[in-house]
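Each number in the numbering used here corresponds to the 1-based position in the sequence shown with 198 added.
Cβ coordinates follow ideal geometry from the N, Cα and C atoms, glycine included.
See structure below.
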Amino acid sequence: MTLAALEFDKHLPASLTAPGLSERAFLELCEQFPDCTLEYTADGEVIVMPPTDPETSKRVLEAGAQLRNWACSDGRGWAVGSDGGFFLPGGARRSPDAAWFASDRWAAARQPGTRFPSFAPEFVIEVRSPGQRARPLREKMDEYMENGVELGWLIDPMERTVAIYRQGQPPEILLNPPTVAGEGSVAGFVLDMTDVLG
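If you want it as structure tokens, here you go:
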């Protein structure tokens, strides 16, 4: 019996435990929920998230579009959206709302028969939606840092804050910033927050 047959989708967001899930088994599970986003933690928990609201989608798209435009002009790497997944070194499969990574890392990481690159991107953006609790998102950001992400921004439109995560440091909280500037691998990228927090 499939999860869809149990009307699992009526109880989203939800999670289930499936330790040791292979990439193939994870992708087969994703096919049962084509309108949802699935992630997989290092502890073997599958997280099934329903589509978000239009305002959050607009904010995510705006942040991703600005990152993409900068990446195209910079020319050193790729910007990807929330439908792009990463197989992190710790075993989790995550899909940040937006991410950037150097082009040569993807070329080196591609493996025939696999979909997810086996590395953490250098930079990630997550945008909190009204239905998301803050604590799991903060834990997700910590996980990114533990797996090699250099810089991460957790944008919370409800609190009107941006938490900046850096390797080996506590998060820096910005309240209602007009812009947020990248650093390190994404130095030169500046996110205009007008339509992201607005």
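Element boundaries [beta strand (DSSP E), containing residue i]
i	result
E226	Premise fails: E226 lies in the alpha helix (DSSP H), 221 to 229, not in any beta strand (DSSP E).
S301	Here S301 belongs to no beta strand (DSSP E); instead the alpha helix (DSSP H) covers 301 to 307.
G341	Note that residue 341 is Glu in the sequence shown, not Gly. Where E341 is concerned, there is no enclosing beta strand (DSSP E), although the alpha helix (DSSP H) it sits in stretches over 332 to 344.
V378	377 to 379
V322	321 to 325
D354	349 to 354
E237	235 to 238
T359	359 to 364
T312	Run containing T312: none; DSSP gives neither H nor E here.
A212	212 to 215
Proximity to residue i [Cα-Cα], best of the options
i	options	result
Q367	V378, T377, V347	V347
V394	F387, L373, I353, Q330	I353
P248	K256, A306, C234, A305	C234
P376	A318, L259, M391	M391
G275	F317, D302, Q230	D302
F285	A216, Y342, P355, V378	Y342
S213	E229, P232, Y238	Y238
V384	E357, G350, M356	G350
E216	F321, E260, G242	Here the sequence assigns Ala to residue 216, which means Glu is not the residue at that position. It is G242 whose Cα lies nearest to the Cα of A216.
S293	C228, I362, V378	C228
P319	D251, F231, A332, D295	D295
V258	E357, V322, A332	V322
Rounded separation between residue i and residue j - CA only
i	j	result
A203	R364	For A203, the pLDDT reaches just 44, beneath the cut-off of 50, and the residue's location in the model is therefore unreliable, although a value from the coordinates is still provided. A203 and R364: Cα-Cα distance of roughly 43 Å.
N345	A297	14 Å
G382	G262	18 Å
R266	V388	12 Å
G396	Q264	15 Å
A240	G279	22 Å
G386	G380	6 Å
L225	V360	32 Å
Q268	E324	Looking at the sequence provided, one finds Trp at residue 268 rather than Gln. Going by the C-alpha atoms only, they are around 18 Å apart.
P287	L236	18 Å
E253	E260	11 Å
F317	D340	16 Å
I245	D272	34 Å
Q330	P211	9 Å
I362	F231	32 Å
R308	S327	32 Å
Endpoints, alpha helix (DSSP H) assigned at residue i
i	result
V394	392 to 395
Cβ-heavy atom distance, residue i to the ligand MG, below 7 Å
i	result
G288	The model depicted lacks the ligand MG and carries no ligand whatsoever.
Open item on the list: Quick check for students: name the residue ranges of the alpha helix (DSSP H) that lie wholly in the region 240 to 298, counting only runs of 4 or more.
Closed with: 252 to 272
- [ ] Please confirm if the region 367 to 387 is in contact with the region 321 to 341, defined as three or more CB-CB distances below 8 Å between the two stretches.
- [x] yes
Task: Contact between the region 209 to 229 and the region 311 to 327 (3+ Cβ pairs under 8 Å) - done: yes
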